[in-house]
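Going by the working numbering, the letters in the sequence shown line up with residues 23 to 448, in that order.
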Amino acid sequence: MAAGLAVSQAGTATAADSLTSLGDVTGAGDVAVGGGKVFIAMDDRIIVADTQGVLTGSVAGLSEARDLITTPDGTRLYAALRWSHEVAEINTADLAVIRRINLSAYQCPDRLALSGNRLWVSYGCPASSVGGAVGLDLSTATPQPVPIPTGSLPEAPEIAAAGNTLVVASFWDLRVYDTQNGAATLRGAIDAYDHQLWNGWGRVALAPDGLTAYTTPGSANDFDAWDLTSLTKARSYGKEEGVLDYGHITVSPDGTQVAVSRNTNDVNDDPLVLFDLSSGEKTQTFAQTHVEFKDLAFSGSDVFAVVERSGDRTLHLWRLHGATLPSCKLVLNGPDTSGRFKQVTFTGQLTRHDGSAPGVQTLTATRRPWGEDFQPLPDVTTNADGTFTFTNVPGVETTWTYKVYYDNTSGSRNCSASKTVEVSGW
């Protein structure tokens, strides 16, 4: 980490966020938010947390809960139950299963999308080479699946809905349907091959008005926006050297930002990025080491992610507090090298997100010897203009990383800055 690391246009998340173990569970890890709760699909159950990320309960007795979606009013949760070939409707207030919708003729429901009273379900069992999608009218007592004209698909497709638009993405074709009259009427299709997307379509998310789709094709160094009226590419985002590919993607409820996970072998590249959809600029990056993403969801200004840690393969709920808010800014300066047991002096400055002086504030300070965890240091107090100074004496380890952190305030996200000191000699 370089001297004077500034958390400015792309702030990096640290201590205010939470990482909560989901216990001894397995499964897809799909996540949905509604009714003041967070829901995580985990094979035979749905784990429930509050919007602070604290686990509060579960819905048990399910058969591979696959995908989840909540109604706009947050009163109902729908879960695709892959092995019982059903969709469960759940009351989010008391977590009771209200009804189970039979999909035995369209086995292995996989992904869900919702628009009005219509629930759209993609299906396809592994190794069956048969996939497709159906629509369900939730206003009826016993919804009957109505097939969507997708043609023959080799597997369960990706599916997304918003406004009067439904998108079904198989390997090569991204089919766009109009749902204004309740039925899915094909508007047209975009061929991945025509746009040199040799690995086909990946994840798909729609803008709230349904006019734009955002896709993360496998192995591409960017993700794309597609105009669903003209069926043309509108722009690309995030083209960065060294990024292997973007993965899970979700659009903020107001349609202004998108959170997207990325696979990278570079430890300096944070695995979750927030983009401003209008400007195309990164607004935040979020640090977490050695994790694989399972799903993402917005909750107001927060983002929730389900991740699997690569070391022990355990699943966790990651809450990114105030992810969409503008960050304060921190700079930390210090020497690149020092002798063992020699006092080192650090200087820096805290600035509010609008560039103004913060007044006297308290910063959290930590240090980490190479190969160990961060250790707490005495808090650091800034001057009224945000400048600060503190000292420390590193020990015998060859590398010491120092970090200062300022917590979230009203209307602003936290910020941090780091400085690494190489230690040798006496």
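Note that the Cβ used here is the ideal one computed from N, Cα and C, for glycine as well.
With respect to Thr92, Thr73 sits apart: the two C-beta atoms are not nearer than 8 Å. Per the C-alpha coordinates, the member of Pro293, Thr305, Lys304 positioned closest to Trp340 is Pro293. Annotation: Asp276 is outside any beta strand (DSSP E) and is labelled neither H nor E by DSSP.
Using a Cβ distance threshold of 8 Å, Val366 and Thr420 do not count as a contacting pair.
Val76 has its alpha-carbon roughly 43 Å from the corresponding atom of Leu208. With respect to Asn355, Lys425 sits apart: the two C-beta atoms are not nearer than 8 Å. The beta carbon of Pro165 sits closer than 8 Å to those of Ile123, Leu141, Leu158, Asp159, all from its chain and outside the five residues before and after it, given in chain order. By the C-beta density criterion, Gln306 is buried, having at least 16 other C-beta atoms within 10 angstroms. The stretch 318-332 and the stretch 369-380 do not touch, with fewer than three beta-carbon pairs separated by less than 8 Å. Collapsing the DSSP output to three states places Ala182 in a strand. Distances from the alpha-carbon of Val143 to those of Thr162, Ile170, Ser150 put Ile170 closest. Remark: fewer than three beta-carbon pairs, one from each stretch, lie closer than 8 Å, so the stretch 53-68 and the stretch 345-365 are not flagged as touching. Taking each of Ala149, Asp89, Val168, Ser80 in turn and checking the Cα distance to Leu175, the smallest one comes out for Ala149. Arg389 is the residue among Arg389, Trp448, Thr431 whose C-alpha sits nearest the C-alpha of Trp422. Close CB contacts of Val295 within its chain, under the 7 Å cut and outside five residues either way in sequence, are with Gly260, Val282, Arg284, Lys304, Thr307 (chain order). Secondary structure note for Leu219: it is in no beta strand (DSSP E), with a DSSP letter that is neither H nor E. Under the DSSP assignment, Lys364 falls outside any beta strand (DSSP E); it carries neither an H nor an E label. Around the beta carbon of Gly56, 16 or more other beta carbons sit within 10 angstroms, so the residue counts as buried. Where Phe315 is concerned, the enclosing beta strand (DSSP E) starts and stops at 313-321. Between Arg88 and Glu108, the alpha-carbon positions lie close to 11 Å from each other. Going by beta carbons, Thr272 and Gly232 fall outside the 8 Å limit.
Taken through DSSP and simplified to helix, strand or coil, Gln74 comes out as coil.
Ranked by Cα distance from Leu347, the first of Asn436, Arg104, Ala327, Glu180 is Asn436. Look at Cys350 here: in three-state DSSP terms it is coil, with no helix or strand label. Partner residues in the beta bridge of Leu175, as assigned by DSSP, are Gly153. Nearest to Gly185 by C-alpha distance, out of Gly204, Ser40, Gly224, Arg197, is Gly204.
Listed in chain order, the non-local C-beta contacts of His343 below 7 Å within the same chain comprise Ala38, Asp39, Asp324, Asn430, local neighbours out to five positions each way being set aside. Taking each of Ala183, Ser378, Pro416 in turn and checking the Cα distance to Gly361, the smallest one comes out for Pro416.
Apart from sequence neighbours up to five positions away, the residues of its chain that approach Ser126 with a beta-carbon distance below 7 Å are His107, ordered along the chain. Counting C-beta atoms within 10 angstroms of its own C-beta, Pro398 has fewer than 16 neighbours from the protein chains shown and is therefore classed as exposed.
The Cβ-Cβ distance between Glu177 and Arg133 does not fall below 8 Å. Where Ser43 is concerned, the enclosing beta strand (DSSP E) starts and stops at 40-43. DSSP places Trp340 within a strand segment (E or B) once states are collapsed to three. Note that the C-beta distance between Gly222 and Trp248 is not below 8 Å. By the beta-carbon neighbour count (other beta carbons within 10 angstroms, threshold 16), Lys59 is buried.
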